[in-house]
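Protein chains in written order, with the numbering used here: chain R, 1 to 380; chain S, 1001 to 1380.
All residues carry an ideal CB built from backbone N, CA and C; glycine is no exception.
Each remark here refers to the structure printed beneath this line.
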DNA sequence: CGGTTTGTCTTCGATTTCGAAGGAAGATGG
DNA sequence: CCATCTTCCTTCGAAATCGAAGACAAACCG
């Protein structure tokens, strides 16, 4: 299940491979421009990477006015990454090649309430199955990564006081997965993975806030093109106090947290009090699309509250874009009321070129983000 | 007053010089460790820098168990930086050597309400005077920088819609100063400079929020050890909506901005309504120290409001420390009520190792910050 | 269609950087 | 006080990197 010889790419070679893998460059000339190395050095290194079997030349790219570049790609046989995005009741699982491109992605039902051991063992078994059924023979697994719907301490790879994951507190996820695989293991908060994944779809935007609005409210922050972790829990906005008429206690012990009003779980709760049953946050979106006024009003209020919180952060961080993802993101009134609140209340300087939009990266964005981070760990 | 030949330090040499100048290293061995270069390469480069007259060897450092290192310093004759921190009624002006150490610092009265031309020409004249009276003969000026008590667009060096600087809107400060000096010119928001300056006093803290509580409320943000500018106005918290009973209109046209309740100007206004006259934010601190209950109550309320805003940002950014500076920072009740609000309401994960403290960098911190940023511009 | 322009990639000598080895200078410890 | 250790710095051959020059390939354009 492992024990393959470690990928050996040191220094400059690793950097070049990474640039190709992440899609930042796909020709020698581009590599030279981006890496700052001389064209001749790049050619030498690329030669070696091709000899090692990590890179392949594949046709030619589009001309920029002169000779067409020879397109470079990470070899499909160089290795695979197994990645997962764990949700409360479903997980997306996939295999990526070393360029981060998905080979297979599947969504499977699971239940994190069964506890970490059961869930992670199930995940590992699913990875093994995917490797057997979809992995080309002889192509080694190079890394394993998963997103977790709760706070993760990046240093230790442990889950730290999650709200909706009974039995997971302080569980060493990375260590447990590492016991199955003698490989680099990545464990990261799901919103952070989404942020990293989305960042690829927002070229030129170095500062990004990616909101994940599902059962809970998560947020990943990209500063200067890199994921900002702070001391580990950066990006948390769910326990911010909001301005409301009524007063509701949040599970964290404080009154009037954003999560208690604007999360998918809160919306479902409010609907059920009105006698409208829902099973998943997606059902709320369906109600909105069906024109159920109670649902629309609740979603619109959620958007306003989220927007008011974002107001503070937009003034403070001056991001290039706010990206809204998660299962609630397809509800039109949510986005538009977030937009309204932010544009109305923020400084003109901060909103002048600010874009507020839904996810561009598609349903696999978080998996791609996991691939992206995992690649850094894999390439020496 | 200029036209000196440009400092010529390319690539690796500039990096080494910068490391010595910023105090990150003071021996060849240390340079090798920090820069990642081979010890032999470091020796070569340092040799050249000494030959050029930019570095000097000066005695020996303390042993770490073996031979004592030969201490390196930036030559005092390598050049000077002229820096200023402009306030509403006072400016601090100083000359720094290329290591960022102050040669002279003076505080002089001025009035930014006289408009940009008058103020900047006065500043240039003051710089010239300082050079004449305190600059060692023959030592060239290498750069000029100033802090501005309002938003600055870093790309163009213009002031953008400042609240308390009549006549400055859109004025090209960097360009105007650049006409006097054919040198690198730095123009930056004052809170940002304070943040950069303070960062030197907080080793190990890569993520820092530095609050400047004076007439206005400014905030500089250090992320990953570097100043975060966003699109230019990052760090603004003064126009965040706060939770209050009453309702006050802010000059920005929105109700209940933090600035309208918690800035020095707002406190002075509130005191005058109570029949207590003050001329400067510092007077408010004096009243608090004299035990005037109205002043204490107002300051405490300001601290609470600021703290509540910080709550959001602390959860979001997970900084290592919050540093409070500015003329109000010496009011004990301000800090303690900020502390109370943040510690009470933030996530344990975010506050576990969070320090909330007053400035460590002393009164010249902003000038030192200007020197630090200016150095980057000066060293090619 | 053939010259011109633009961009890509390789060749090769010059330069820079590295790394191992060794000398210098002080700390440590009997 | 002398042997030994640690750290600092330099020396010198080996390796990596650079940059200029040129070959190559396509787009552009009268």
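Residue i vs residue j beta-carbon contact at 8 Å
i	j	result
residue 220 of chain R	residue 230 of chain R	no
residue 364 of chain R	residue 73 of chain R	no
residue 190 of chain R	residue 366 of chain R	yes
residue 1267 of chain S	residue 1297 of chain S	no
residue 1131 of chain S	residue 1084 of chain S	no
residue 1037 of chain S	residue 1013 of chain S	no
residue 1259 of chain S	residue 1322 of chain S	no
residue 210 of chain R	residue 195 of chain R	yes
residue 1319 of chain S	residue 1208 of chain S	yes
residue 381 of chain R	residue 281 of chain R	It is not possible to answer for residue 381 of chain R, since the shown part of chain R is limited to 1 through 380.
residue 1082 of chain S	residue 1144 of chain S	yes
residue 19 of chain R	residue 46 of chain R	no
residue 1135 of chain S	residue 1080 of chain S	yes
residue 368 of chain R	residue 197 of chain R	yes
residue 57 of chain R	residue 67 of chain R	no
residue 174 of chain R	residue 147 of chain R	no
residue 163 of chain R	residue 169 of chain R	no
residue 1263 of chain S	residue 1088 of chain S	no
residue 142 of chain R	residue 98 of chain R	yes
residue 1345 of chain S	residue 243 of chain R	no
residue 305 of chain R	residue 261 of chain R	yes
Residue i classed as buried or exposed, judged by whether at least 16 other C-beta atoms fall within 10 angstroms
i	result
residue 3 of chain R	Here residue 3 of chain R scores only 29 on pLDDT, less than 50, and its place in the model is too uncertain to base an answer on.
residue 1325 of chain S	buried
residue 1027 of chain S	buried
residue 1192 of chain S	buried
residue 1086 of chain S	buried
residue 6 of chain R	Model confidence at residue 6 of chain R stands at a pLDDT of 48, short of 50, so the residue's coordinates are unreliable and nothing is read from them.
residue 1062 of chain S	exposed
residue 274 of chain R	exposed
residue 249 of chain R	exposed
residue 1039 of chain S	exposed
residue 1388 of chain S	One cannot answer for residue 1388 of chain S here, as it falls past the ends of chain S, which runs 1001 to 1380.
residue 1059 of chain S	exposed
residue 133 of chain R	exposed
residue 277 of chain R	exposed
residue 291 of chain R	exposed
residue 1362 of chain S	exposed
residue 1 of chain R	Note that residue 1 of chain R scores a pLDDT of 34, beneath 50, so its modelled location is shaky; the value from the coordinates is reported in the next line. With fewer than 16 Cβ atoms within 10 Å of its Cβ, residue 1 of chain R is classed as exposed.
residue 238 of chain R	buried
residue 1228 of chain S	buried
residue 370 of chain R	buried
Boundaries of the beta strand (DSSP E) in which residue i is found, first to last residue
i	result
residue 222 of chain R	217-223
residue 1356 of chain S	1355-1358
residue 1364 of chain S	Where residue 1364 of chain S is concerned, there is no enclosing beta strand (DSSP E), given that its DSSP letter is neither H nor E.
residue 1347 of chain S	No beta strand (DSSP E) holds residue 1347 of chain S; DSSP gives it neither H nor E.
residue 1170 of chain S	Counting along the chain, residue 1170 of chain S falls outside any beta strand (DSSP E), and DSSP gives it neither H nor E.
residue 186 of chain R	185-189
Where the alpha helix (DSSP H) containing residue i begins and where it ends
i	result
residue 1034 of chain S	1028-1035
residue 1274 of chain S	Neither: residue 1274 of chain S is in no alpha helix (DSSP H) and is coded neither H nor E.
residue 1018 of chain S	1012-1021
*Completely contained alpha helix (DSSP H) runs for the segment 1280-1340 of chain S, where each covers 4 or more residues*: Runs of the alpha helix (DSSP H) inside the segment 1280-1340 of chain S: 1281-1289 and 1293-1317.
*Going along the chain, which residues of the segment 219-252 of chain R sit with their C-beta nearer than 8 Å to a C-beta in chain S?*
The residues in question are 219, 221, 223, 224, 226, 228, 229, 230, 231, 232, 233, 234, 235, 236, 237, 239, 240, 241, 243 and 252.
_Residues in the segment 333-357 of chain R having any Cβ partner in chain S nearer than 7 Å_ = So the close ones are 345, 347, 349, 350 and 353.
_Interface positions of the segment 1302-1321 of chain S facing chain R (Cβ-Cβ less than 8 Å), listed along the chain_ = Going along the segment 1302-1321 of chain S in chain order, one finds 1308, 1309, 1311, 1312, 1313, 1315, 1316, 1317, 1318, 1319 and 1320 with a Cβ nearer than 8 Å to chain R.
_Which runs of the alpha helix (DSSP H) at least 4 residues long sit entirely within the segment 103-134 of chain R? Give them in chain order._
Listed in chain order, they are 116-134.
_Against chain R, which members of the segment 1140-1166 of chain S pass a CB distance test of less than 8 Å?_
Near chain R, meaning a CB-to-CB distance below 8 Å, the residues of the segment 1140-1166 of chain S are 1151, 1160 and 1161.
*For the segment 1209-1270 of chain S, list the beta strand (DSSP E) runs that are entirely contained and at least 3 residues long, ordered along the chain.*
The qualifying runs are 1217-1223.
*What runs of the alpha helix (DSSP H), each 4 residues or longer, lie entirely inside the segment 50-106 of chain R?*
Runs of the alpha helix (DSSP H) spanning 4 or more residues and lying entirely within the segment 50-106 of chain R do not occur at all.
*Going along the chain, which residues of the segment 175-209 of chain R sit with their C-beta nearer than 8 Å to a C-beta in chain S?*
So the list reads 207, given in the order they occur along the chain.
*asked:* Short of 9 Å Cβ to Cβ, which residues in the segment 1253-1277 of chain S face chain R?
replied: Sequence-ordered contacts of the segment 1253-1277 of chain S with chain R read 1254 [C-beta pairs closer than 9 Å].
*Tell me the start and end of each unbroken alpha helix (DSSP H) in the segment 128-168 of chain R that is at least 4 residues and wholly inside, in chain order.*
Entirely contained in the segment 128-168 of chain R, not one alpha helix (DSSP H) run reaches 4 residues.
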